[in-house]
Amino acid sequence: MPNKNFDNCVSFFIDNGAFQGRLIRLNEVLNTIINKHSYPLPVSGVVAECTVLAAMLASTLKYDGLFTLQTQSNGPVPMIVVDVTSEGKIRACSRFDEERLNAGQKLRKTLGEIEPSPHLMGGGHLAFTVDQGKNTDLYQGIVDLQGKTLAECALRYFKQSEQIETGLKLFLKAPHGESQSWLAAGIMLQKMPTKGGIEIDEEAAKEAWNEANIFMESLSEDEVFNSELSSEEILHRLFHNNNLNVSQTKEYSFGCRCSKDKLFDTLSTFSQDDIKSMVENGKITATCHFCSECYNFDASELIKQ
2 MPNKNFDNCV
12 SFFIDNGAFQ
22 GRLIRLNEVL
32 NTIINKHSYP
42 LPVSGVVAEC
52 TVLAAMLAST
62 LKYDGLFTLQ
72 TQSNGPVPMI
82 VVDVTSEGKI
92 RACSRFDEER
102 LNAGQKLRKT
112 LGEIEPSPHL
122 MGGGHLAFTV
132 DQGKNTDLYQ
142 GIVDLQGKTL
152 AECALRYFKQ
162 SEQIETGLKL
172 FLKAPHGESQ
182 SWLAAGIMLQ
192 KMPTKGGIEI
202 DEEAAKEAWN
212 EANIFMESLS
222 EDEVFNSELS
232 SEEILHRLFH
242 NNNLNVSQTK
252 EYSFGCRCSK
262 DKLFDTLSTF
272 SQDDIKSMVE
282 NGKITATCHF
292 CSECYNFDAS
302 ELIKQ
């Protein structure tokens, strides 16, 4: 049975609203995403970590539509795409070069092991996009993939683009032993903008921020993945002396937006020569990259006589 302590993101404030935060923990939604594919374990690890980061970042925004995290890079895992809808539906997929992946891991003596995501992505960029549909502007933020960890790459974005002082820590746990379950989590803190006209003690504010980050960094893997602890209990352990105020909880589940009609519309944009090259035994088969659902079309539906 699904654990109610997972697959959600809890928003909170501490220090009288001076800092806001998020604590996200994913389990079933992550396993559903990964089980839709047959990725090698290291690639699944990158997908899992990108998924929890995408959900974390999406939770900080007010939008009605689609948030997308996408990587483009030159490593053995050159692309990751994670979609998070405003209703909390998540899907994800990846491209990878298995030969390059194995060669690199053999060289590092890490064959088949989970590695920090940037090791497998290589050089490139990380893009965040918010699409709220027709008649709205598309918002996009981009940052270079520079950092030893995915969290470091994301923090570069906040420092360079948003200029919001941010603390971020990500967790990942692959299936091991009797457990065949993937787990991922993340915790983030951000300084709230100072309201105009209010005088603050800069030294005290700096000390409070450093203290809050120390508490955040003290969160351990054992705690965050403890299925018997609720997110509220974890936050109380960390920030009970910081005037903790839990504001809301966002639930997440797997959801793919593909359909036969959508794929038909996409195939209809292809040239007749391309469509004819796809025909096998009078059928055209299209597979969704996100959920691996296969759709079959009669060739006569798409080939014009």
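This note's numbering numbers the first residue of the sequence shown as 2 and each following residue consecutively.
Think of the CB as a built atom: it goes at the ideal place given N, C-alpha and C, for glycine as much as any other residue.
Per-residue DSSP class, three states only, for residue i
i, result
"residue 252", "strand"
"residue 294", "coil"
"residue 127", "strand"
"residue 33", "helix"
"residue 258", "coil"
"residue 141", "strand"
"residue 299", "strand"
"residue 121", "helix"
"residue 189", "strand"
"residue 52", "helix"
"residue 203", "helix"
Short Cβ contact (8 angstroms threshold) for residue i with residue j
i, j, result
"residue 129", "residue 148", "no"
"residue 253", "residue 8", "yes"
"residue 184", "residue 174", "yes"
"residue 97", "residue 53", "no"
"residue 146", "residue 125", "yes"
"residue 161", "residue 12", "no"
"residue 33", "residue 255", "yes"
"residue 76", "residue 113", "no"
Endpoints, alpha helix (DSSP H) assigned at residue i
i, result
"residue 238", "232 to 240"
Neighbour-count burial assignment, residue i, 16 or more Cβ in a 10 Å radius
i, result
"residue 154", "buried"
"residue 92", "buried"
"residue 243", "buried"
"residue 37", "buried"
"residue 23", "buried"
Span of the beta strand (DSSP E), counted from its first residue to its last, around residue i
i, result
"residue 10", "9 to 15"
"residue 80", "80 to 86"
"residue 20", "20 to 27"
"residue 284", "284 to 288"
"residue 71", "67 to 74"
Within the region 155 to 185, note down every full beta strand (DSSP E) run reaching 3 residues or more, in order along the chain. 167 to 174
Start-end ranges of the beta strand (DSSP E) lying completely within the region 86 to 119, minimum 3 residues: DSSP runs (the beta strand (DSSP E)) wholly in the region 86 to 119: 90 to 96.
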